[in-house]
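Residue numbers (our numbering): 716 to 1246. One structure below.
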């Protein structure tokens, strides 16, 4: 490749990274945590899920029929059963929906009953617009971080467009990074810790970038698709193929069509259907079931499964009498290689296709991806402080470092604070009332720590304090669980809770240990004072 082309690629790689460095860190770090948000950390965060995530099929069938009798007939046309699997709801949730409203509402309306997974005691009820129920369902710390990764809590379309374009910038950075490094094999194994901080950062940037290049390309592409699909690609596809009619496009790709009701009574064998699905895919988890025309001769049942031998989620179609019809993708029974590729986008992005070890690998690679833009920006800043004609003063360099620590380190601190907060809320606040705490604590912690960076403090001390607070937040999880929770590392009521608590303690201790090794130099102190 010509040197002038390499120079242009280098400039593109550099400026894309510099302009989007902090935002890429935000997306990548929150994404690394989001990989484990469902179901592992969601189970950890909800005591109701910690003993079991399985409800007997016969009990699910009994509850559906029992509460179906308590709602008007039109609410039996569409019934959703959300299992307490840790992927969606933390309670067994029955949603009886009327798409055409009722005497009180002209929009889609729902009657909802939620039950404790163990005792099956009725916990919550709801009656009102369907969209309000889903919008206000209980969240938790892991889910809050996962939703932040999806749209930065900016909502649609702004949040999704922003995260989608950040996926594109990651894709561009990963591809251009491969081209500008000529000595790929050598740089794969070069990391000089004893040659100074700047060289260590440069080597680390290259090692993480090259080793994680395939991962970054996959994550960049899939992230761009997930962010832009519903707000740009969907309208574009509707415009090209359906004259701009998005509803028609959605109907074409909807796997669950409306069922014609025969008004002939016939019991829907939901328990038989659930057991058949378990026997067909014993390693998969049933996320939810949709019953169309319950207890009608034309009843149809659809089960959404995740895990097992299938890489992507799958949809099982049954008739109401228990007869298995077919297995298909969540997009429906549509042939073609493009659908197969689209199916893989979500599992490849979050690593939920081959067990916990792949997910842990995705977490590790995600943290490396988060460090790439930050290390690249630090290299760019350090380069401009060197030489006789340095374009960046030591004072400006200190300010830039405080900005990086405040924005990126502040995000890490704000995320980690949510985990001990979750334990305190579980002990003191019931159900969806917890939702109002996560946002203020998260954003005020982040903003407060960022504003501290405006003060002329030594940036090394600032970084040390950030690590100490992050370590203390994570280290507080285990003792808080011992004091306040039914499941903890002492009584071992839940092995998952014990492992997560121990992991938080380990990472917290590492943060504290590394922070205690950081010593601010006299030169750094003078820089901070003059700043």
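No residue lacks a Cβ here, since even glycine has one placed at the ideal position from N, Cα and C. Model, not experiment: these values are computed from the prediction.
Given this structure, state the Cα-to-Cα distance separating residue i from residue j, to the nearest angstrom.
i: residue 993; j: residue 1029; result: 13 Å
i: residue 1079; j: residue 920; result: 15 Å
i: residue 882; j: residue 941; result: 9 Å
i: residue 915; j: residue 743; result: 22 Å
i: residue 1010; j: residue 983; result: 5 Å
i: residue 1094; j: residue 917; result: 7 Å
i: residue 671; j: residue 1189; result: This structure gives no information on residue 671, because the portion of the chain shown stretches from 716 to 1246.
i: residue 944; j: residue 851; result: 24 Å
i: residue 664; j: residue 888; result: Nothing can be reported for residue 664: it is not among the residues displayed for the chain, which extend from 716 to 1246.
i: residue 869; j: residue 1074; result: 27 Å
i: residue 1091; j: residue 736; result: 8 Å
i: residue 790; j: residue 1060; result: 34 Å
i: residue 1116; j: residue 1044; result: 48 Å
i: residue 781; j: residue 775; result: 10 Å
i: residue 1055; j: residue 1027; result: 9 Å
i: residue 1110; j: residue 1160; result: 26 Å
i: residue 923; j: residue 1015; result: 50 Å
i: residue 1201; j: residue 1158; result: 29 Å
i: residue 976; j: residue 788; result: 12 Å
i: residue 1100; j: residue 1108; result: 6 Å
i: residue 725; j: residue 1105; result: 20 Å
i: residue 1081; j: residue 935; result: 11 Å
i: residue 727; j: residue 1112; result: 23 Å
i: residue 1132; j: residue 1052; result: 44 Å
i: residue 811; j: residue 1134; result: 34 Å
i: residue 909; j: residue 890; result: 30 Å
i: residue 1042; j: residue 813; result: 27 Å
Excluding sequence positions up to five away, which residues of its chain have a Cβ less than 7 Å from the Cβ of residue i?
i: residue 1229; result: 1182
i: residue 925; result: 896, 899, 902, 903
i: residue 836; result: 830
i: residue 878; result: 742, 865, 866, 867, 938, 942
Anyone know if the C-beta pair for residue i and residue j falls short of 9 Å?
i: residue 767; j: residue 832; result: yes
i: residue 1022; j: residue 1067; result: yes
i: residue 1136; j: residue 739; result: no
i: residue 1212; j: residue 1196; result: yes
i: residue 1013; j: residue 974; result: yes
i: residue 862; j: residue 1007; result: no
i: residue 757; j: residue 1150; result: no
i: residue 1156; j: residue 1129; result: yes
i: residue 1185; j: residue 1144; result: no
i: residue 1121; j: residue 1168; result: yes
Under the assumption that residue i contacts residue j (Cβ atoms under 8 Å), give the Cβ distance between them as a whole number of angstroms.
i: residue 807; j: residue 799; result: 5 Å
i: residue 818; j: residue 845; result: About 16 Å; that fails the 8 Å criterion.
i: residue 779; j: residue 985; result: 6 Å
i: residue 751; j: residue 801; result: That belief does not hold up - the Cβ atoms of residue 751 and residue 801 are roughly 11 Å apart, past 8 Å.
i: residue 860; j: residue 760; result: Incorrect: roughly 11 Å between the Cβ atoms, too far for contact.
i: residue 1193; j: residue 1219; result: 6 Å
i: residue 989; j: residue 772; result: 4 Å
i: residue 929; j: residue 1063; result: So it is not a contact: roughly 11 Å between Cβ atoms.
i: residue 1233; j: residue 1178; result: 7 Å
For residue i, which residues from the same chain have a beta carbon less than 6 Å from its beta carbon, with the 5 sequence-adjacent residues on both sides left out?
i: residue 1076; result: none
i: residue 839; result: 829
For residue i, which of the options has the nearest alpha-carbon?
i: residue 1162; options: 1124, 1142, 1173, 1189; result: 1124
i: residue 1180; options: 748, 829, 1214, 1227; result: 1227
i: residue 827; options: 973, 1222, 783; result: 783
i: residue 1199; options: 1140, 1115, 774; result: 1140
i: residue 997; options: 891, 1072, 1221, 1025; result: 1025
i: residue 894; options: 791, 811, 721, 750; result: 721
i: residue 730; options: 875, 795, 884; result: 884
i: residue 1072; options: 741, 755, 1145, 1153; result: 755
i: residue 746; options: 1084, 1135, 1211; result: 1084
i: residue 733; options: 1096, 1004, 769, 1210; result: 1096
i: residue 855; options: 1225, 1233, 1167, 1147; result: 1147
i: residue 1165; options: 1134, 1132, 1119, 1191; result: 1119
i: residue 786; options: 841, 769, 753, 805; result: 841
i: residue 972; options: 1005, 995, 1210, 886; result: 1005
i: residue 681; options: 815, 769, 849; result: Residue numbering for the chain in the displayed model covers 716 to 1246; residue 681 lies beyond these limits and cannot be assessed.
i: residue 1174; options: 1114, 815, 1058, 1209; result: 1114
i: residue 886; options: 927, 777, 999; result: 927
i: residue 1224; options: 1187, 843, 1205; result: 1187
i: residue 805; options: 1041, 762, 821; result: 762
Looking only at its own chain, which residues have a Cβ that is under 8 Å from the Cβ of residue i, when we skip the five neighbours before and after it?
i: residue 1003; result: 795, 796, 797, 798, 803, 1018, 1019
i: residue 946; result: 871, 872, 875, 876, 879
i: residue 1203; result: 1193, 1196, 1197, 1212, 1213, 1216
i: residue 1208; result: 765, 766, 1201, 1202
Answer yes or no: does any C-beta atom of chain C fall closer than 9 Å to that of residue i?
i: residue 1124; result: Absence of chain C from the displayed structure is noted, only one protein chain being present.
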